[in-house]
Amino acid sequence: MKRNDQKQHHKHELQAENARRIDDLINTVERYTRTERHLEQHSDISSPEQIQHAKQIQNERKEHIENLKNIIAYGEHANADTPFENLKQNYEYTEGYLNNNADHLDEETINNIKEKQQHRKDQMKFMR
Numbered sequence: 000m001k002r003n004d005q006k007q008h009h010k011h012e013l014q015a016e017n018a019r020r021i022d023d024l025i026n027t028v029e030r031y032t033r034t035e036r037h038l039e040q041h042s043d044i045s046s047p048e049q050i051q052h053a054k055q056i057q058n059e060r061k062e063h064i065e066n067l068k069n070i071i072a073y074g075e076h077a078n079a080d081t082p083f084e085n086l087k088q089n090y091e092y093t094e095g096y097l098n099n100n101a102d103h104l105d106e107e108t109i110n111n112i113k114e115k116q117q118h119r120k121d122q123m124k125f126m127r
């Protein structure tokens with residue numbers, strides 16, 4: 000394959016990848032929006048565990064949305080701080096939730112949250 004043909008092929012591959020990423024971004028934003036609406040409308044009938052689970056999923060979706068935006072706009076590794084900042088934000092949010100709601104959660108849920116928090120802490124140490 001000639002050099003010019005290789006460039007064209009790479010350009011088409013990148014366009015196809017970005018098209019898939021944009022579709023994924025749209026789908027993730029739609030799921031995020033539906034869940035937010037559901038949380039607003041039905042939080043009074045949901046258990047604290049269900050709400051916590053939904054909020055954790057929403058945080059993961061936010062992180063995924065930001066990651067996709069960065070990849071589409073700047074390329075694969077444009078902002079190395081983003082994963083760390085997202086992880087730190089998730090850690091801090093969950094700590095606040097745990098501190099404010101531990102008395103409403105069962106022991107298993109508390110242990111699962113603490114385990115995830117330890118994993119996040121370990122990941123942050125590794126990323127520094």
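Mapping the sequence shown onto numbering that gives the first Met the number 0, position 16 (from 1) lands on 15, and the numbers just tick up by one. We treat Cβ as the ideally placed atom computed from N, Cα and C, and that holds for glycine. Keep in mind the model is a prediction, meaning the values are calculated, not measured.
Check: How far does the alpha helix (DSSP H) with K10 in it reach, from first residue to last?
Finding: Along the sequence shown, one-based indexing puts residue 10 at 11. Looking at the DSSP string, the run of the alpha helix (DSSP H) that includes K10 is R2 to H41.
Notebook entry, point to check: Who are the Cβ neighbours of T27 in its own chain at under 6 Å, not counting the five residues just before and after it?
Noted result: Locating residue 27 in the sequence shown gives position 28, where the first residue counts as 1. Closer than 6 Å at Cβ, skipping near neighbours: R60, H63 and I64.
Check: Does DSSP put I44 in a helix, in a strand, or in coil?
Finding: Here residue 44 is taken as the residue at index 45 of the sequence shown, counted from 1. I44 carries a coil assignment under DSSP once its states are collapsed to helix, strand and coil.
Check: DSSP on L104, reduced to helix/strand/coil?
Finding: The count along the sequence shown starts at 1 and reaches residue 104 at position 105. Under the three-state reduction of DSSP, L104 is assigned to coil, being neither helix nor strand.
Note to self: Measuring straight from C-alpha to C-alpha, what distance separates S46 and Y90?
What the structure shows: On the sequence shown, residue 46 is found 47 positions in, with the first residue counted as 1. On the sequence shown, residue 90 is found 91 positions in, with the first residue counted as 1. It is roughly 22 Å from the alpha-carbon of S46 to the alpha-carbon of Y90.
Checklist line | Where G74 sits in the DSSP three-state scheme | finding: As a working mapping, residue 74 is identified with position 75 in the sequence shown. Look at G74 here: in three-state DSSP terms it is coil, with no helix or strand label.
Notebook entry, point to check: Hey, is the region 110-121 in contact with the region 82-96, meaning 3+ C-beta pairs nearer than 8 Å?
Noted result: Contact check between the region 110-121 and the region 82-96: three or more CB pairs, one atom from each, fall below 8 Å, which counts as touching.
Next item on the list: Quick one: measure Cβ to Cβ for L104 and E48, integer angstroms, because I've assumed they're closer than 8 Å.
Entry: As a working note, residue 104 is residue 105 in the sequence shown. As a working note, residue 48 is residue 49 in the sequence shown. Confirmed, Cβ separation roughly 7 Å.
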